[in-house]
Amino acid sequence: MSDFSRRRLLLGGSAVGAGLLLSACTSNDSGEADKQAEDQTKVAAGKNAEPGKKITIGFSAPAADHGWIAAITNNAKAQAGKYSDVTFNAVAAGKDVPEQRAALETLIQQKPDVIVLLPHDGAQMTATGRKAMDAGIPVINLDREFSDALSYRTLVKGDNYGMGVAAGRLIGEKFKSNPNAVIAEIAGMDELPLTQDRSKGFRDALQAYGLKVGPRQAARFTVQSGQEVTANLLQAAPKIDAIWNHDDDQGVGVLAAIKQANRSEFYMVGGAGSLDAMEIIKADNQPLKATVTYSPTMASSAISLARLVAQGKGMEDLVELQVPKLVILQSETITKENVDQYMPLGFRS
Numbered sequence: 001m002s003d004f005s006r007r008r009l010l011l012g013g014s015a016v017g018a019g020l021l022l023s024a025c026t027s028n029d030s031g032e033a034d035k036q037a038e039d040q041t042k043v044a045a046g047k048n049a050e051p052g053k054k055i056t057i058g059f060s061a062p063a064a065d066h067g068w069i070a071a072i073t074n075n076a077k078a079q080a081g082k083y084s085d086v087t088f089n090a091v092a093a094g095k096d097v098p099e100q101r102a103a104l105e106t107l108i109q110q111k112p113d114v115i116v117l118l119p120h121d122g123a124q125m126t127a128t129g130r131k132a133m134d135a136g137i138p139v140i141n142l143d144r145e146f147s148d149a150l151s152y153r154t155l156v157k158g159d160n161y162g163m164g165v166a167a168g169r170l171i172g173e174k175f176k177s178n179p180n181a182v183i184a185e186i187a188g189m190d191e192l193p194l195t196q197d198r199s200k201g202f203r204d205a206l207q208a209y210g211l212k213v214g215p216r217q218a219a220r221f222t223v224q225s226g227q228e229v230t231a232n233l234l235q236a237a238p239k240i241d242a243i244w245n246h247d248d249d250q251g252v253g254v255l256a257a258i259k260q261a262n263r264s265e266f267y268m269v270g271g272a273g274s275l276d277a278m279e280i281i282k283a284d285n286q287p288l289k290a291t292v293t294y295s296p297t298m299a300s301s302a303i304s305l306a307r308l309v310a311q312g313k314g315m316e317d318l319v320e321l322q323v324p325k326l327v328i329l330q331s332e333t334i335t336k337e338n339v340d341q342y343m344p345l346g347f348r349s
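The end of the sequence shown is residue 349 by full-length UniProt numbering, with every number in the run present.
This is the structure in structure tokens:
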């Protein structure tokens, strides 16, 4: 199993090292998206790979309004297509929580064997997850966590706190001899727990180096919002030594604002691991010098685990008979030195 397929698995609070499937991401071009998803999804060898009971996996994720979400949906669909015993039933999530809730209510009535759900907002969709569970339909909660663990069978998510720690360590190592370094942060949506976790990890890591976060702006995980808040931040802060931007999709706007302001004096770290960001890191001609991963490949792993749950199987490499309750992906660091290794996993913004 490759380095890319390592995962950190938690079983009832106990950490267990094991491997999960890793798939790739996508772009906004449908042909390229299909090819990337197909190339990077696979079924591991072993008894679990053999066709089993035929099942239906229901799926819902927000509309693909940026690269990361597009990759989530494309990866899920491509992974499901690897299994001859899986019928993939995707339902539109609409533009907000009420529309997704209505779509899930209809899906529950159709009685799929299992549901994989990336909610608009985990807390607000908790009751719907619980309704599916109470109806005997296991729910694989993807990325945005429900507020009640009884509302999902398994949670698959990225390590948001670890993502912030990885970014903080990169910047901390570079500026540990400069306690007065001005370190800026461009966050995602502040109301989401995942953003709060990323920011906390970043603060905690910097503190270990005697550094702290200076100017901070929150965007909305979009190109436009990234450009707007960065323009404001740069105008208010004439001196900046380093910037961490939480999201490479909004980073397209962040870099546009930086170029427009004719600023280049700082060291910038991105987040998520888009192919666009990796290409810039490799070219080494812009302030963006690194990114920390938050891979949409989690969607493929969620589909694989959903299949096992619905078929009553466990994971072959583990002693336990059941699929774990919690799966957290490791956040990895991409720099010019290792970017070629990670580029096959990049998604287009």
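Glycine included, C-beta positions come from ideal geometry on N, C-alpha and C. These numbers come from a predicted model, not from an experiment.
For R130, the three-state secondary structure derived from DSSP is helix. Excluding the 5 residues flanking it on each side, A80 has same chain C-beta neighbours closer than 7 Å at I57, V86, F88, I303, in chain order.
Looking only at L308, K239, G251, G210, the smallest Cα-Cα distance to T230 is reached by G251. Shown here, M298 sits in a helix according to DSSP, grouped into three states. Take N232, set aside five residues on each side of it, and the residues of its chain with a beta-carbon closer than 7 Å to its own are Q217, in chain order.
Within a 10 Å sphere around the beta-carbon of V114 sit 16 or more other beta-carbons, which makes this residue buried.
Between S274 and G162, the C-beta gap is not smaller than 7 Å, which leaves the two residues out of contact. Its chain contains V182 as the residues whose beta carbon lies nearer than 6 Å to that of K239, once the 5 sequence neighbours on both sides are disregarded; these appear in chain order. Counting along the chain, N75 sits inside the alpha helix (DSSP H) bounded by residues 67-80. By the neighbour-count criterion, in which 16 or more other beta carbons inside 10 Å mark a residue as buried, K77 falls on the buried side. A167 sits close to W244, with the two beta carbons spaced by under 7 Å. Around the C-beta of L142, 16 or more other C-beta atoms lie within 10 Å, and the residue is accordingly described as buried. Within its own chain, the residues whose Cβ lies closer than 7 Å to the Cβ of P296, once the five positions on either side in sequence are excluded, are C25, W68, A71, I72, N75, F347, listed in chain order.
In the structure shown, K289 adopts extended strand secondary structure according to DSSP, grouped into three states.
By the Cβ neighbour-count rule, S225 is buried, with 16 or more other Cβ atoms within 10 Å of its own.
Residue environment analysis places E265 among the exposed positions, since fewer than 16 neighbouring C-beta atoms fall within 10 angstroms of its C-beta.
For E185, the enclosing beta strand (DSSP E) covers residues 183-187. Under the criterion of beta carbons closer than 8 Å, K325 and T154 qualify as touching, at roughly 6 Å.
Rounded to whole angstroms, the separation of the alpha carbons of G164 and R203 is 8 Å.
Where A231 is concerned, the enclosing alpha helix (DSSP H) starts and stops at 223-236. Secondary structure of N48 (DSSP, three-state): helix. Around the beta carbon of K289, 16 or more other beta carbons lie within 10 angstroms, which makes this residue buried.
For M343, there is no enclosing beta strand (DSSP E), as DSSP gives it neither H nor E. For the set Y209, E320, D134, T291, the Cα lying nearest the Cα of E337 is the one of T291. Per DSSP, reduced to three states, the secondary structure at Y267 is strand.
For the pair T335 and I281, the Cα-to-Cα distance works out to about 7 Å. It is roughly 6 Å from the alpha-carbon of A61 to the alpha-carbon of L117.
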